[in-house]
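Undergrad: Below: one structure in structure tokens.
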Amino acid sequence: MGSVEEVLLEERLIGYLDPGAEEVLKRINRPPRIATTSSCTGRITLVDGESHWLRDGARIAYKTHNSISRGEVERVLKRGFKNLWLKVTGPILHLRVEGWECAKSLLEAARKNGFKHSGIISIGEDRTLVVEVMSSQGMSVPIVLKGIRIVEGPSLDILLEKANNILVQSRIGLERFSREVELLRECF
């Protein structure tokens with residue numbers, strides 16, 4: 000495996016790297032005892048399905064890591080979905096770390112910056128810990144249910160403004176978190 004920069008370049012070229020993630024990931028991976036294993040900077044999706052949270056019962060009709068416009072939503076709505084959900088998910092990171100003190104410091108920084116759904120999710124055979132840092136910011140709202148459009152007109156504009164704001168605010172938290180992680184002394 001190469002340097003952080005080499006890995007990020009490869010992931011960018013393959014298309015695995017979310018827009019805007021590179022600088023954040025460079026800072027997070029700077030302390031030598033921390034390595035990201037996966038990341039998402041947050042996204043907005045339109046999900047087709049009766050229950051948006053079921054993997055087998057739903058599929059993504061549209062996805063963006065940027066803000067969403069009314070025009071984008073209207074284009075998707077023209078496809079005639081029976082059920083369609085607007086879903087905003089904040090950033091999520093998986094970090095492999097060495098040592099309990101480093102994990103504890105990461106979790107404190109995460110919670111301080113709005114990642115309240117964070118914790119240690121596994122312990123490796125080599126005793127490294129996997130810390131999941133997950134934003135508590137998000138939103139799931141049905142736009143169409145049972146073939147009936149339930150959100151339209153000014154209500155849709157207000158909803159999209161809120162969705163875009165949630166994405167921006169969660170990214171600000173990710174930026175602050177990454178700057179704090181870059182300075183963690185417990186991980187050196």
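Read in order, the letters of the sequence shown correspond to residues 0 to 187 in my numbering.
Don't be surprised by glycine CBs; every beta carbon is placed ideally from N, CA and C.
Predicted model only: the values in this text are computed from it and were never measured.
(1) Does R153 come out as helix, strand or coil in the three-state DSSP assignment?
(2) Express the C-alpha separation of G118 and N112 in angstroms, rounding to a whole number.
(3) Out of curiosity, what's the CA-to-CA distance linking W99 and D156?
(4) Could you pull out every residue in the same chain whose Cβ sits closer than 7 Å to the Cβ of D47, ignoring the five residues on either side in sequence?
(5) Please confirm whether V180 and L105 have their CB atoms less than 9 Å apart.
(6) Taking the DSSP output, what are the residues bridged to W99?
(7) Tell whether a beta-carbon distance below 9 Å holds between L76 and T35.
(8) Name the one or two DSSP bridge partners that A57 has.
(9) Checking 9 Å against the spacing of the C-beta atoms, do K25 and T44 come in under that value?
(10) In the DSSP assignment, find the beta strand (DSSP E) that holds G137 and state where it starts and stops.
(11) Name the two residues that bound the continuous beta strand (DSSP E) containing K86.
(12) What residues in its chain sit with their C-beta under 7 Å from that of A102, if we drop five residues either side in the sequence?
(13) Which residue spans inside the segment 19-48 form an unbroken alpha helix (DSSP H) run of at least 4?
(14) Per DSSP, which residues does K62 bridge with? Please list them.
(15) Starting from E185 and walking both ways along the beta strand (DSSP E), at which residues does that stretch end?
(16) Where do the ends of the beta strand (DSSP E) carrying G118 lie?
TA: According to the data block:
(1) By 1-based counting over the sequence shown, the position of residue 153 is 154. Position check: residue 153 holds Pro in this sequence, whereas Arg was assumed. In the structure shown, P153 sits in a helix (DSSP, three-state: H, G or I).
(2) The residue you call residue 112 lines up with position 113 of the sequence shown. The residue you call residue 118 lines up with position 119 of the sequence shown. Approximately 14 Å, taken between the alpha carbons.
(3) Here residue 99 is taken as the residue at index 100 of the sequence shown, counted from 1. Here residue 156 is taken as the residue at index 157 of the sequence shown, counted from 1. Going from the Cα of W99 to the Cα of D156 covers about 46 Å.
(4) As a first step, residue 47 must be located in the sequence shown, where it is residue number 48. Within the same chain, D47 has close Cβ partners A57, R58, A60, F80, N82, L83.
(5) On the sequence shown, position 181 is the one that residue 180 refers to. On the sequence shown, position 106 is the one that residue 105 refers to. Going by C-beta atoms, V180 is nearer than 9 Å to L105.
(6) For the purposes of this step, residue 99 is taken as residue 100 along the sequence shown, with counting starting at 1. Looking at the DSSP assignment, W99 forms no beta bridge with any residue, so it has no partner.
(7) Position 77 of the sequence shown, counted from the start, is the residue given in the question as residue 76. Position 36 of the sequence shown, counted from the start, is the residue given in the question as residue 35. Cβ atoms of L76 and T35: not closer than 9 Å.
(8) Working through the sequence shown from its first residue, we reach residue 57 at position 58. The partner list for A57 (beta bridge, DSSP) reads G48.
(9) Locating residue 25 in the sequence shown gives position 26, counting from the first residue. Locating residue 44 in the sequence shown gives position 45, counting from the first residue. No, the Cβ-Cβ distance between K25 and T44 is not below 9 Å.
(10) Position 138 of the sequence shown, counted from the first residue, corresponds to residue 137. Note, G137: beta strand (DSSP E), 137-144.
(11) Residue 86 sits at position 87 when you count from the first residue of the sequence shown. That run of the beta strand (DSSP E) goes 83-88.
(12) Here residue 102 corresponds to residue number 103 of the sequence shown, with the count starting at 1. The answer, listed in chain order, is V96, I119, L128, V130.
(13) DSSP runs (the alpha helix (DSSP H)) wholly in the segment 19-48: 20-27.
(14) Position 63 of the sequence shown, counting from 1, holds the residue named residue 62. Beta-bridge pairing links K62 to T44.
(15) By one-based count along the sequence shown, residue 185 stands at place 186. Looking at the DSSP string, E185 is not in any beta strand (DSSP E), and its letter there is neither H nor E.
(16) The count along the sequence shown starts at 1 and reaches residue 118 at position 119. It spans 118-122 - the beta strand (DSSP E) in which G118 sits, taken as one unbroken run.
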